[in-house]
Structure formats: structure tokens, C-alpha cells
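Last residue of the sequence shown: number 1509 in the working numbering, and the count goes up by one each step with no gaps.
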Amino acid sequence: MLVSAFASLERVFHERGRLAICSALVAEDAGLSFRQLQSACGLTDGNLNRHLHALAELGIIEMSRKTGQGRPQTIVTITETGRDRFLAYIDALEEIVRRVQAAADGEPNARPARLLPE
């Protein structure tokens, strides 16, 4: 049911910066450095930092410091729980898109009135 798809959309992932961050991290088991994420997401230092701290507070990502050659780096990884929650969010979005496309294509059981949550 589409209403349940809307209900399973977590607000934390709706913001485009957080969507970009989680999209980049879900494909990288070893995580990404702050600079790699910044490049992948097109965010400023301040915006990326703000989003990372919000995601970390919710247990979606973890940040660690890597030292060694050169300057220390902040490495960001998505947690197992964060991965599960993000993929559930993507599944819900895919269901909504599928239903909207069905309504746009004129399928009789996918009337636009049934697309909106109550």
C-alpha cells in the first residue's frame, strides 16, 4: 500500500545533502574521507560537517580519525543500522515512484487520490 510507503520515508534522509552523503557511503564499505565525501556531494566544509554530525547523532554514520602519512583524515562510514534504514528509505521511494508512474500511465487502480497519505 502506498500510504505505508509514505509512512516509511524517514525525514532524516529527505534533505538532499544527507541523501547524497548516504548514497555515496552505501557503496563504500571502507568509508570515505571527509574530502572524498565533499567532492562526491558538492557540499561546503560547513554544510558537510553539519550533516555528518546530524547523521552521527542518529547512529546512521560513524566518523573516525585516521593518522599516518601526512595530515590526519576524518573517515566516514555508514553503520549497519544506517545502511538498513537508508535502503528501506530507497525502497519506499521506489514504490512511490512506481505508483505515481502507474497513475500517470492511466492504470485504473492507481488513481492520484490513492497516492497521497491520509
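In this text, a Cβ means the ideal position worked out from N, Cα and C, and glycines have one as well. These numbers were taken from a predicted model, which means no experiment stands behind them.
query, result
"Ordered along the chain, which non-local residues of its own chain (more than five positions away) have a Cβ less than 6 Å from that of A1396?", "A1483, E1486, I1487"
"Helix, strand or coil, according to DSSP, for I1451 in the structure here?", "coil"
"Which residue wins for smallest C-alpha separation from L1478, given the options A1445, V1417, R1409, A1411?", "V1417"
"To the nearest angstrom, how far is the alpha carbon of G1408 from that of G1433?", "9 Å"
"Taking only the alpha-carbon atoms, compute the straight-line gap between Y1480 and D1496 and give it to the nearest angstrom.", "24 Å"
"Looking only at C-alpha atoms, which of A1494, N1438, I1412, M1454 sits nearest to L1428?", "I1412"
"Near P1463, what residues of its chain come up, given a Cβ to Cβ distance below 8 Å and the 5 sequence neighbours on each side ignored?", "R1456, K1457"
"Measuring straight from C-alpha to C-alpha, what distance separates E1471 and N1440?", "21 Å"
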